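Everything in the sequence shown is counted per UniProt numbering, starting at 1 for the first residue and increasing by one. Structure record follows, encoded as C-alpha coordinates.
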Amino acid sequence: MLKSPKRIDYAYDERQNLSGTSLPPPEEIFGNDNSKSLITFENDRRREFILQKYYRNSRPVLITAQSLGFGIYIDIPQNNGTGLVQMFD
(Lines of atoms letter the chains of each structure in order from A and count residues from 1; the text may use other names and numbers.)
(Lines give C-alpha, C1' and ligand atoms only; values in the text may rest on other atoms or scores of the structure.)
Protein backbone atom coordinates (compact mmCIF):
# COMPACT_ATOMS: atom_id res chain seq x y z
CA MET A 1 0.00 0.00 0.00
CA LEU A 2 2.91 2.38 0.70
CA LYS A 3 5.55 3.20 -1.85
CA SER A 4 9.25 2.77 -1.08
CA PRO A 5 10.74 3.61 1.45
CA LYS A 6 7.41 2.67 3.10
CA ARG A 7 7.17 5.22 5.87
CA ILE A 8 4.12 6.11 7.89
CA ASP A 9 3.71 8.94 10.37
CA TYR A 10 1.10 8.87 13.07
CA ALA A 11 0.36 11.33 15.84
CA TYR A 12 -1.18 11.11 19.26
CA ASP A 13 -2.50 13.77 21.61
CA GLU A 14 -1.98 12.38 25.11
CA ARG A 15 -3.77 15.35 26.67
CA GLN A 16 -7.07 14.49 24.96
CA ASN A 17 -7.97 11.93 27.60
CA LEU A 18 -7.24 12.53 31.29
CA SER A 19 -7.78 8.89 32.24
CA GLY A 20 -5.38 7.46 29.64
CA THR A 21 -1.78 6.77 30.52
CA SER A 22 0.13 6.92 27.25
CA LEU A 23 0.20 6.04 23.58
CA PRO A 24 -1.05 2.51 22.91
CA PRO A 25 1.48 0.16 21.27
CA PRO A 26 1.55 0.06 17.44
CA GLU A 27 0.13 -3.49 17.48
CA GLU A 28 -2.99 -2.17 19.21
CA ILE A 29 -3.35 0.77 16.83
CA PHE A 30 -2.62 -1.00 13.52
CA GLY A 31 -3.54 -4.55 14.50
CA ASN A 32 -1.81 -7.86 13.88
CA ASP A 33 -2.19 -10.86 11.62
CA ASN A 34 -1.83 -14.31 13.19
CA SER A 35 0.01 -12.81 16.19
CA LYS A 36 2.44 -10.97 13.89
CA SER A 37 2.50 -7.18 14.02
CA LEU A 38 1.36 -5.43 10.83
CA ILE A 39 3.94 -2.68 11.38
CA THR A 40 7.66 -2.95 12.06
CA PHE A 41 10.33 -0.42 12.95
CA GLU A 42 13.59 -0.44 11.01
CA ASN A 43 16.45 -1.48 13.32
CA ASP A 44 13.81 -1.49 16.09
CA ARG A 45 14.08 2.30 16.33
CA ARG A 46 11.00 4.26 17.18
CA ARG A 47 11.34 7.87 16.23
CA GLU A 48 9.64 10.36 18.47
CA PHE A 49 9.08 14.02 17.80
CA ILE A 50 7.36 16.10 20.48
CA LEU A 51 5.73 19.33 19.38
CA GLN A 52 6.64 22.20 21.68
CA LYS A 53 3.75 24.37 20.51
CA TYR A 54 -0.01 23.86 20.55
CA TYR A 55 -1.74 24.84 17.35
CA ARG A 56 -5.39 24.34 18.27
CA ASN A 57 -6.02 26.75 21.14
CA SER A 58 -4.32 29.58 22.96
CA ARG A 59 -2.30 28.83 26.11
CA PRO A 60 -4.84 30.43 28.53
CA VAL A 61 -7.67 28.32 27.09
CA LEU A 62 -5.61 25.12 27.38
CA ILE A 63 -4.51 25.86 30.96
CA THR A 64 -8.08 26.61 32.01
CA ALA A 65 -9.35 23.41 30.38
CA GLN A 66 -6.63 21.33 32.06
CA SER A 67 -7.32 22.94 35.43
CA LEU A 68 -10.99 22.08 35.17
CA GLY A 69 -10.24 18.56 33.98
CA PHE A 70 -7.64 17.81 36.64
CA GLY A 71 -9.56 19.43 39.47
CA ILE A 72 -13.30 19.73 39.17
CA TYR A 73 -14.51 17.19 36.64
CA ILE A 74 -12.15 14.25 37.19
CA ASP A 75 -13.58 10.98 38.50
CA ILE A 76 -11.24 9.41 41.05
CA PRO A 77 -10.97 5.63 40.55
CA GLN A 78 -12.25 3.57 43.48
CA ASN A 79 -8.91 1.80 44.00
CA ASN A 80 -6.91 5.05 43.98
CA GLY A 81 -7.49 7.46 46.85
CA THR A 82 -5.27 10.25 45.53
CA GLY A 83 -6.71 10.85 42.07
CA LEU A 84 -4.63 11.68 39.03
CA VAL A 85 -0.93 12.17 39.69
CA GLN A 86 1.59 12.49 36.89
CA MET A 87 5.31 12.15 37.62
CA PHE A 88 8.01 13.50 35.34
CA ASP A 89 11.63 12.33 35.44
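For every residue, glycine included, the Cβ atom is placed at its ideal position computed from N, Cα and C. Since the structure is predicted, the reported quantities are computational estimates derived from the model, not experimental observations.
- At a Cβ-Cβ threshold of 7 angstroms, L23 and F30 do not count as neighbours.
- Residue pairing by DSSP puts D33 in a beta bridge opposite K36.
- The residue among A11, E28, T64 and P5 with its C-alpha nearest the C-alpha of L51 is A11.
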